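**Student:**
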Amino acid sequence: MASRDPSTWGNGHVPGIEFLIKALTPLNILLAVGGVIAGTVIGALPGLTATMAVAVLVPLTFGMEPASALIALGAIYTGAIYGGAYSAVLLNTPGTPSAIATTFDGYPMARRGDGDLAITLACLASVTGGLVGAAFLLLLAPPLAKFALQFGPVEYFWLAVFGLTLIAALSEGSVLRGLIGGCIGLLLSAIGTAEVGGDIRYTGELKSLLGGIDVVSALIGLYCVPVLMDLVATPDPHLKLTHEVAGFRFREALRIAWRSKSNLARSSVIGTLVGILPGAGGSIASLVAYAEARRVSKNPSSFGKGEPNGILATESSNNATVGGGFIPTLVLGIPGTPPDAVILGALLVQGIRTGPSLFSEQSQIVYTFIYGLFLATILMLPIGLVIGRYAFKSIVSIPKAALVPSVAFLTILGSYAVHNNAHETQQMVVLGLIAWVLGRFGFTASPIVLGLILGTIAESGFVQGYLIGNAKGSALMEFLTRPLSAGIIAFILLTLLYPLVKGRIGAPKLPSNE
Amino acid sequence: MKPLSKLLLVMAAIAAGAAIAAYPEKTINYIIAFGPGGESDISARLQEPYFKKYAGQTVAIQYKPGAGGATAWSQINSAPGDGYTIIGTNLPHIVLQPLQKDVGYKTDELANVYWFHFTPDAVVVPAGSPHKSLKDLVAAAKKAPGATTFSGSGTNSANHLAQQRFDKLAGIKTTYVPFKGTGASNTALLGKQVSGSWSYTTVAVQLGDQVRCLAVAMEKRHPILPDCPTFKEQGYELVSGAYRGLAVPQSTPAAVKQQLSDLIGKINKDPEFIKKMEDKGFAMIDAPVEKMGAFMAARKKEYETIAREMGIVKTKK
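Residue numbers (this note's numbering), protein chains in the order written: chain A, 5 to 518; chain B, 3 to 319.
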């Protein structure tokens, strides 16, 4: 048993450094390696999310020591978030919702033959983001948890509106098509039993729609099905191999990452901060980071066409949400992200009570876990590179006749696994066909998915904020005068007006294609 | 032909008899109608090792979330009734959902076998709240009707019902703000977005010092929350909460139901299990299959009365 003397930590030097040694037992290292491998593989399969990876493997951890169990779960989680990048890059299908924005530049890179470089970049970015998130968890957890609590329903509403403004920034070619896509997504989010109020909407008497459209089945349908149909419809190979797959292109990736260190740092911090907010999550974090990277870029028109900085931004921010999400989970006992909810349940079964006292009373477990998370993140570099290269090689070398059926099989499996139910598979197929048709008319999947995810958040935030505001006297004041709300509204205006303002002062050197 | 069919019948009977005698002789599929990490999951996880201890068999926990549990409950009767598929059921959900809409099952179509615990309703406020007692809270609500806000998990949930009943009992008007699940409701509570929370004893235990528990809806105080008085002590007849039990497909033979009920009853008496459950804020109850009819009739009457008052009954009587 470690000493509980508070004087050994929290006064200047890194807290709980003595627990680093504890984290480094052979068993824990083995668990971290196994966890990262299992997580990466599960995350890479379309439809199998980080939440599922953690949930499936939770029972295995009940026989373990609490700290070891936590290390294994943290490793699975962080691996799965990284693994989601593979299918985003190679199949244009986000393996997890966190990897939606990775498709924007990852798939164009793969199409032009740089899939291996994209995956190595994703690996470097994920490790960087993971380490930044874990560092915030180690050093600043209690104050950051307090910050998260400042976000009430009204702030979530404005945050969702902010996310919706990004649709305009992210839609390529036609802003109008992007906005229409976003509206389709918002309408889809209204289907089913209303989260607040319990009304049943647009289900057309179908019981399979009572639960609403599931985000994961929508992801698989909207992204993956059109890719599969196009593969069958065209004679070209899926990805062209322009060069010999020899190394990892590690030096090249490292050079790019080093040049973009400010992008990596900014995106990692965005990821951590969004991760702390319960109710936001990796998908929003990576979108915000992507939009910011594009906004400050000297060359914004290259985004969406295979810009390495796009991948660096999304993959560093979504892995930073891992450490960020653990902050409210451990400090407040409120899960920061959906996988955290599963981990919190596992902790309760283990008999660990989270909350502010956890850091003082059970500091041994907490710090061993945090160092374990560092360990798992660092291990992700070699493991991720090796698995990534293998994934790339197999996707480019498998003949199309084998690739299409196996991916199609995975889409069925993944959508069924969402709720162990065929309803989600039906939704996936229908949405996939709709997406393919819409694709003919130049609509892309991302605005639809964004509308679907953000619509739910905006709606509950609005109704809850309205109820609370009315109880206080004025709903309008509640929405407009809270300091954080005002800040987010300012950001929304900045995003919307920035292109106009930028056009007025200092004419841009590069012609924009919008 | 005749003798052969007779023989087959006898053999089937013997096989069935053997199956019943040895139940359970393989892994039991334990379906949770919610996602992982919630209270239904945690209590099932706590039961898990005792299936091994008392029956020598493992259980495989499977999640089928969707439509507040309705997706899984509406499908349970199509599973084989051999005792190897069991499902967690929740009250008031399985009474309220079919009252509000056609959710694909009726309350009486679920073959409940045992109700094994409940999470009593509780009123909690942030630790720094000016409301030191339930009396303070009621006084504040009387002074400014509607201005006191409570977060709770979902519309028409056990929390919502309790809030409505208490408002009636105390003659006050408060605002209920539904959130998606306990986690989101707790976030609003700790962030002081609301005056307090209609919640459960489990939440009061989990959030510990960050909150103050003003009242629990139990007959006696909860052993883990000795400082939190009951509503009854403070003059309000309120004993309620979210009950959790187990059901099987309707086609399951009565003998198997009985054996399963006996098994859950045995687990429910294990002192170690009781301690683990109570440490987390759960409260034990025992409603085995023998008493199921009376238990369900009482609950149904109770919930239907409130549901009609709240105007949430949408289906024809």
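Note that CB positions come from ideal geometry on N, CA and C, so glycine has one too. Since this is a predicted model, take the numbers as computed values, not measurements.
Among A:Ala138, A:Leu143 and A:Gly283, which residue has its Cα nearest to the Cα of A:Phe161?
**Tutor:** Measuring from the Cα of A:Phe161, the nearest candidate turns out to be A:Gly283.
**Student:** Rounded to the nearest angstrom, what separates B:Met286 and B:Ser263 at their Cα positions?
**Tutor:** Roughly 15 Å between the two C-alpha positions.
**Student:** Say whether the region 190 to 200 of chain B touches the region 114 to 134 of chain B, bearing in mind that this needs 3 or more beta-carbon pairs closer than 8 Å, one atom from each stretch.
**Tutor:** Yes, since at least three Cβ pairs between the region 190 to 200 of chain B and the region 114 to 134 of chain B fall closer than 8 Å, the two stretches touch.
**Student:** Under the three-state reduction of DSSP, which class applies to B:Tyr116: helix, strand or coil?
**Tutor:** B:Tyr116: strand per DSSP, three-state reduction.
**Student:** B:Lys54: buried (16+ other C-beta within 10 angstroms of its C-beta) or exposed?
**Tutor:** Under this definition B:Lys54 is an exposed residue.
**Student:** What is the residue span of the beta strand (DSSP E) that B:Met286 lies within?
**Tutor:** Per DSSP, B:Met286 belongs to the beta strand (DSSP E) from Ala285 to Ala289.
**Student:** Check whether the region 67 to 81 of chain B and the region 30 to 44 of chain B touch, using three or more Cβ-Cβ pairs below 8 Å as the test.
**Tutor:** Yes, since at least three Cβ pairs between the region 67 to 81 of chain B and the region 30 to 44 of chain B fall closer than 8 Å, the two stretches touch.
**Student:** How long is the line joining the alpha carbons of A:Ser364 and A:Thr358, rounded to whole angstroms?
**Tutor:** The alpha-carbon atoms of A:Ser364 and A:Thr358 are separated by roughly 11 Å.
**Student:** Tell me which residues of the region 348 to 374 of chain A have at least one Cβ-Cβ distance to chain B shorter than 9 Å, keeping chain order.
**Tutor:** The residues in question are Leu348, Gly349, Ala350, Leu352, Val353, Gly355, Arg357, Thr358, Gly359, Pro360 and Ser361.
**Student:** Report yes if the CB atom of B:Ala217 is closer than 8 Å to the CB atom of A:Gly156, and no otherwise.
**Tutor:** In this structure, A:Gly156 does not lie closer than 8 Å to B:Ala217 by Cβ.
**Student:** Which runs of the alpha helix (DSSP H) fall wholly inside the region 72 to 119 of chain B and span at least 4 residues, in chain order?
**Tutor:** Within the region 72 to 119 of chain B, the complete alpha helix (DSSP H) runs of at least 4 residues are 72 to 75 and 95 to 102.
**Student:** If B:Thr121 sits next to B:Ala244, beta carbons under 8 Å apart, how far is it from one beta carbon to the other, in whole angstroms?
**Tutor:** The Cβ separation is near 5 Å, so the contact holds.
**Student:** With distances taken Cα to Cα, identify the nearest neighbour of B:Ser131 among B:Val140, B:Val213, B:Gly156 and B:Val205.
**Tutor:** Selected option, being the one with the closest Cα: B:Val213.
**Student:** Applying the criterion that 16 or more other CB atoms from any shown protein chain within 10 Å of the CB defines a buried residue, is A:Trp262 buried or exposed?
**Tutor:** A:Trp262 is exposed by the Cβ-count criterion.
**Student:** Excluding the five sequence neighbours on either side, which residues of its own chain have a C-beta within less than 7 Å of the C-beta of A:Thr207, listed in chain order?
**Tutor:** Around A:Thr207: Ile195, Gly196, Leu213 and Leu214.
**Student:** Output the distance between the C-alpha atoms of B:Thr232 and B:Ile314, rounded to the nearest integer angstrom.
**Tutor:** So the two alpha carbons sit approximately 28 Å from each other.
**Student:** Do B:Ile269 and B:Tyr86 come within 8 Å of each other at the CB atom, strictly closer than that value?
**Tutor:** Going by C-beta atoms, B:Tyr86 is not nearer than 8 Å to B:Ile269.
**Student:** For the region 124 to 134 of chain A and the region 446 to 462 of chain A, state whether three or more C-beta atom pairs, one from each stretch, are separated by less than 8 Å.
**Tutor:** Flag = no, the region 124 to 134 of chain A and the region 446 to 462 of chain A do not touch.
**Student:** What residues in its chain sit with their C-beta under 8 Å from that of A:Ile217, if we drop five residues either side in the sequence?
**Tutor:** The answer, listed in chain order, is Leu192, Ser193, Ile195, Gly196, Gln431, Leu435 and Leu456.
**Student:** Whose C-alpha, out of A:Pro63, A:Pro50 and A:Glu319, is nearest the C-alpha of A:Val219?
**Tutor:** Cα-wise, what sits closest to A:Val219 is A:Pro50.
**Student:** At least one CB of chain A closer than 8 Å to the CB of B:Arg47: is that the case?
**Tutor:** By this cut-off, B:Arg47 is an interface position.
**Student:** Please list, in chain order, the residues of the region 67 to 84 of chain B that have any C-beta partner in chain A closer than 9 Å.
**Tutor:** Under the 9 Å Cβ criterion, the region 67 to 84 of chain B contributes Pro67, Gly68, Ala69, Gly70, Ala72, Thr73, Ala74, Ser76 and Gln77.
**Student:** If the cut is a Cβ gap below 8 Å, which residues of chain A does B:Val105 touch?
**Tutor:** Correct list: Lys211 and Leu214.
**Student:** DSSP three-state label for B:Arg246, please.
**Tutor:** B:Arg246: strand per DSSP, three-state reduction.
**Student:** Using the three-state DSSP reduction, which class does B:Tyr56 fall into: helix, strand or coil?
**Tutor:** Helix, per DSSP.
**Student:** Counting beta carbon pairs with one atom in the region 313 to 323 of chain A and one in the region 263 to 277 of chain A, are three or more of them shorter than 8 Å?
**Tutor:** They touch, by the three-pair rule.
**Student:** Rounded to the nearest angstrom, what separates A:Arg116 and A:Glu69 at their Cα positions?
**Tutor:** Roughly 48 Å separates the two Cα atoms.
**Student:** Span of the beta strand (DSSP E) holding B:Gln64?
**Tutor:** Where B:Gln64 is concerned, the enclosing beta strand (DSSP E) stretches over Val61 to Tyr65.
**Student:** Are A:Ala57 and A:Gly67 touching if we call contact CB-CB under 8 Å?
**Tutor:** No. Outside cutoff.
**Student:** Sort out for me which residues DSSP pairs A:Tyr206 with in a bridge.
**Tutor:** Paired residue(s): none; A:Tyr206 is not in a bridge.
**Student:** Determine the DSSP secondary structure at A:Asp109, reduced to helix, strand or coil.
**Tutor:** Reduced to three states, the DSSP call for A:Asp109 is helix.
**Student:** Would a C-beta distance cut-off of 8 Å place B:Ala219 and B:Ala164 closer than the cut-off?
**Tutor:** Cβ distance < 8 Å, so B:Ala219 and B:Ala164 count as in contact.
**Student:** DSSP three-state call for A:Ser290: helix, strand or coil?
**Tutor:** Helix.
**Student:** Closer than 8 Å, CB to CB, is A:Gln468 near chain B or not?
**Tutor:** Closer than 8 Å to some Cβ of chain B, the Cβ of A:Gln468 qualifies, so yes.
**Student:** Any heavy atom of the ligand FMN closer than 7 Å to the CB of A:Gln468?
**Tutor:** In the structure on display, the ligand FMN does not appear, and there are no ligands present to speak of.
**Student:** Alpha carbons only, please: which of B:Gln208, B:Lys144 and B:Lys103 is nearest the one belonging to A:Glu209?
**Tutor:** When only C-alpha atoms are compared, the closest one is B:Lys103.
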